[in-house]
Amino acid sequence: MKHERRLFKTLWQTIKFLFSLLLMIIKILPVTISKFYKWLVKRLHFSITFKITTVYAVIFTLLLLFFNTGICVAAIAYLGLDAAEDLNRNYQMVVSYLTEDTTMPPEGINQLAQVEQLEITLFDASQKILYTTAAQDAATVYYEQTNEGIFLGKCFLTHSGNQFYGAHSYGDAPYQSGFVLVLKDTHVWNSQIVHVQVTRYLAKETMAVGILFISLSILTILAIIVVVIIGWRKSKKMLKPVEVMTKTVKNITINALDTRLDVSGSQDELKELAETFNSMLDRIQHSYEQQQQFVSDASHELRTPIAVIQGYANLLDRWGKNDQAVLEEAIGSIKTEAANMQELVEKLLFLARGDKNRLQIEKKDILLPELIDEVIKETKLITKNKNIFSQQCDNITLRADRKLLKEAIRIFVDNSIKYTPEGGNIIINCYAENAKAVLTVEDTGIGISAEDLPHIFNRFYRADKSRTKQTGGTGLGLAIAKRIIQLHDGTIKVSSILNQGTKVKVLLPR
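In terms of UniProt numbering, the sequence shown is residues 1 to 510.
Following this line, the structure appears as structure tokens:
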């Protein structure tokens, strides 16, 4: 009893182990199959040269097979029709022999059978053989087998496995012909109607077709090998620029962005690809240089207020704790520089959100004259000794973000104020032009040189470095204004003449 329990326990543990093993296999099987599939795909990574050669080799092979099949079919048809014509002529000779001699068939029929490799048989309506040139046990009566063959005129082609000893047999070796051509008809012989059957074994024709097939197969294989070798070399030569491009691209790093692909010596799609890639590298390099310049300029702009704050903090730490005048001066300067830093950081954040298309605008219907009126009134409150006015302001309604558009107008006006001497004019106008609303800010200031004009919307760019400390600002205002106008699907045009003034023309969709 104990032995049986122990055996049952062992058996149960074995079943549990096998079941857990099966569950584990089922669990890891999908992962294993997935890994094997990825490994197989990685191993079966074929080059473009291999793919091109394979595709064209397959196409060429199919064309050759189609061409060779046509040749074989034409050869078979020609040989079959020629054999049928010969068989019909031989049948007429057999009938003439029977007509000349009404007794036993003459020796001429036997000679004809041996020379032409024929089997001539006479039989009655009951399929009883009356005469045959073949052995009696080897003769075949094709009487009711016409539905099994292919008709070639009066003859029909069928298959036979019988051996035939003909005049052109090699020694005593028989022909083992697979196909025979049969012509049978009725004829009056010895005052009775008999069936005359003339059978031709197509051994020579079959051998000729076999030789033709083997020859075409060998030539096809050789042609495919030649095509594969030549195609491999030519495709590899044509794709050599791709290999060069790949090596060049692998060597391009962040410190070697000026590397470009060689586009000389080719006039195909690869040249267009290389030119497109070079253009992309130009844009990447330009963006990278702008980013580097942006980081450098932002660091420079932040360095000054940080240095001022640190200086006043050290001043307070040394002897300004008990000096009320120094304390107030330090606190005022720290607050001013902190406000400047906050303003700079906010501008940088605005531009960063704009670069990532994360700026959210709330467009509403606004009256452009009211917005310009508001900007003029607010600017006059803080600006003295400069004439700010409007000469023309048509009643135009825009769908725009009022706060952002007002900020852009203020930036243009502030720049005009900075670079317009006392007593100068700043004119803000608006009018309709076709389907656009035009906003202009024109001043009689110092103007911008032709060399600086294309760069005024670049971040941290200042046309006159010598006036930076006097006029203030961070060099981000016009970049922000441009981004705001772009968010409203508008464009900006700037024209300027040194010592005469600058005109900013903004076009917005109405």
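C-beta: ideal position from N, C-alpha, C; glycine also.
Whole-number beta carbon distance between residue j and residue i, since they are thought to touch under 8 Å
i: K364; j: R399; result: 7 Å
i: L351; j: C430; result: With 8 Å as the limit, L351 and C430 do not qualify as a contact, their Cβ atoms being about 26 Å apart.
i: R459; j: F294; result: 6 Å
i: L439; j: S496; result: Their Cβ separation, rounded to whole angstroms, is 17 Å, which puts L439 and S496 out of contact at 8 Å.
i: V198; j: L118; result: 6 Å
CB contact flag (residue i, residue j, <8 Å)
i: I376; j: Y419; result: no
i: I456; j: V506; result: no
i: E442; j: I427; result: yes
i: L327; j: L316; result: yes
i: N415; j: G501; result: no
i: I388; j: T379; result: yes
i: L112; j: V194; result: no
i: K384; j: I417; result: no
i: L405; j: L349; result: no
i: G231; j: A57; result: yes
i: A432; j: L508; result: no
i: F412; j: V504; result: yes
i: L216; j: I109; result: no
i: V196; j: V95; result: yes
i: M341; j: L302; result: yes
Environment of residue i [buried if 16+ CB atoms lie within 10 Å]
i: R200; result: buried
i: E85; result: exposed
i: V182; result: buried
i: H286; result: exposed
i: F50; result: exposed
i: I306; result: exposed
i: R353; result: exposed
i: I15; result: exposed
i: A330; result: buried
i: T468; result: Confidence is the limiting factor: at T468 the pLDDT is only 47, short of 50, which leaves the residue's position unreliable and the question unanswerable from this model.
i: N90; result: buried
i: Q290; result: exposed
i: I361; result: exposed
i: Y312; result: buried
i: Y170; result: With a pLDDT of 34 at Y170, under the threshold of 50, the modelled position of that residue is not reliable, and the figure given next carries that caveat. The residue is exposed, with fewer than 16 neighbouring Cβ atoms inside 10 Å.
i: F17; result: exposed
i: K247; result: exposed
i: Q324; result: exposed
i: I214; result: exposed
i: I221; result: exposed
Residue i - containing alpha helix (DSSP H), residue span
i: T186; result: Not the alpha helix (DSSP H): T186 falls in the beta strand (DSSP E), residues F179 to W189.
i: S235; result: A203 to M238
i: I484; result: G477 to L487
i: C72; result: I48 to E100
i: N415; result: R402 to K418
i: E433; result: Careful: E433 lies outside any alpha helix (DSSP H), inside the beta strand (DSSP E) at N425 to E433.
N- and C-terminal bounds of the beta strand (DSSP E) containing residue i
i: E119; result: L118 to F123
i: G501; result: G501 to P509
i: D443; result: K436 to D443
i: D365; result: K364 to L367
i: I448; result: Element bounds for I448: n/a, residue is neither H nor E.
i: I109; result: Where I109 is concerned, there is no enclosing beta strand (DSSP E), although the alpha helix (DSSP H) it sits in stretches over E107 to V115.
i: S496; result: T491 to I497
i: N387; result: N387 to F389
Residue-chain proximity (residue i, chain D), Cβ-Cβ < 8 Å
i: G445; result: Annotation note: the requested chain D is absent from the structure, which comprises a single protein chain.
The ligand MN heavy atom lying under 7 Å from the CB of residue i
i: T259; result: In the structure on display, the ligand MN does not appear, and there are no ligands present to speak of.
Three CB pairs or more closer than 8 Å across the region 235-253 and the region 272-282: yes
Do the region 228-240 and the region 203-212 meet, that is, are 3 or more Cβ pairs less than 8 Å apart? no
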